[in-house]
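What follows is a single structure, written as structure tokens, with notes after it.
Here it is in structure tokens:
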């Protein structure tokens, strides 16, 4: 049996192929815009480029919208493949079925992040009369387009190399030990840093310090991953030996993992976007500080809720 006989994989590749074609079309048109754009010109070419800019922006917006939902669909597809991949109990085993899985997952997150930045730059650009950021946004898209092409290549390599005969490691084996955690820190230290970084993010948002928020959010991303996998996740599963970032996405845990990881993504994204916009286009947008506080608080509250709830019900910590 081939992994490509799975209906989920077929649908996934069909959508990815369509998006790749649209991405190629947008890239070719964006190159033309980058080459000939001159807002001060009154030629027919410039007029056609302005209409083309609107068309390309619309197509890219559609790509971004579908890519975000396709990432969630990819996570669900990987999780469902655990039913046919020997040794896999959830998405962790399937992702680790070969050497391409982890890299592909990280690349998909990075692409969604890059496309989200493009959305904001594009919105700021069209609000201006003279389209001051048009070249910057299409240069950014060109970089993301190259990553999308590489992503499609990794999609093929990853799914082609998932063996249905050779057993893979399940999450209980992959995360069976907390040895070798981030920078050699123990779990208590990581959780303490987790809350300290959250406080730092709130402070940086209140004083509107873009660089401090960028650094705090960047560190918060890594610390949060280890905190959820090795500490907060155990309270979601109510099992001290169960460390897995994928199982919490399943129905048995009310899909709470989606809320946790999505709120973390938005927390980190809005936390670093202020500094990136200031660096890329010298644009100051204070509204993102508010979003950073909202999503980081939602994320921390969700994680903390399961610890507090478990203690109230059982009178002890795991």
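Residue numbers (this note's numbering): -9 to 308.
Built from N, CA and C at the ideal position, the CB exists for glycine as well.
Can you give me the C-alpha to C-alpha distance between residue i and residue j, rounded to a whole angstrom?
i: residue 251; j: residue 285; result: 11 Å
i: residue 269; j: residue 305; result: 49 Å
i: residue 96; j: residue 141; result: 10 Å
i: residue 104; j: residue 301; result: 40 Å
i: residue 180; j: residue -5; result: 42 Å
i: residue 288; j: residue 128; result: 33 Å
i: residue 197; j: residue 107; result: 23 Å
i: residue 201; j: residue 241; result: 39 Å
i: residue 35; j: residue 17; result: 18 Å
i: residue 69; j: residue 207; result: 28 Å
i: residue 25; j: residue 267; result: 24 Å
i: residue 144; j: residue 63; result: 17 Å
i: residue 40; j: residue 118; result: 14 Å
i: residue 265; j: residue 205; result: 10 Å
i: residue 163; j: residue 193; result: 39 Å
i: residue 149; j: residue 199; result: 43 Å
i: residue 256; j: residue 33; result: 42 Å
i: residue -7; j: residue -1; result: 7 Å
i: residue 156; j: residue 29; result: 59 Å
i: residue 92; j: residue 98; result: 10 Å
i: residue 51; j: residue 11; result: 14 Å
i: residue 58; j: residue 9; result: 12 Å
i: residue 54; j: residue 60; result: 10 Å
i: residue 101; j: residue 49; result: 16 Å
i: residue 134; j: residue 307; result: 44 Å
i: residue 19; j: residue 7; result: 19 Å
i: residue 78; j: residue 90; result: 16 Å
i: residue 297; j: residue 274; result: 38 Å
Starting from residue i, trace the alpha helix (DSSP H) both ways and give me its first and last residue.
i: residue 14; result: -3 to 26
i: residue 266; result: 246 to 271
i: residue 224; result: 223 to 227
Within 10 angstroms of the Cβ of residue i, are there 16 or more other Cβ atoms? Answer buried if so, exposed if not.
i: residue 80; result: buried
i: residue 235; result: buried
i: residue 136; result: exposed
i: residue 161; result: buried
i: residue 4; result: exposed
i: residue 151; result: exposed
i: residue 73; result: exposed
i: residue 115; result: buried
i: residue 244; result: exposed
i: residue 15; result: exposed
i: residue 154; result: exposed
i: residue 44; result: exposed
i: residue 279; result: buried
Is residue i helix, strand or coil when you go by DSSP?
i: residue 30; result: coil
i: residue 121; result: coil
i: residue 79; result: coil
i: residue 152; result: coil
i: residue 198; result: coil
i: residue 236; result: coil
i: residue 90; result: coil
i: residue 308; result: coil
i: residue 192; result: helix
i: residue 160; result: coil
i: residue 274; result: coil
i: residue 231; result: coil
i: residue -8; result: coil
i: residue 61; result: helix
i: residue 165; result: coil
i: residue 73; result: helix
i: residue 145; result: helix
i: residue 96; result: helix
i: residue 115; result: helix
i: residue 211; result: helix
i: residue 175; result: coil
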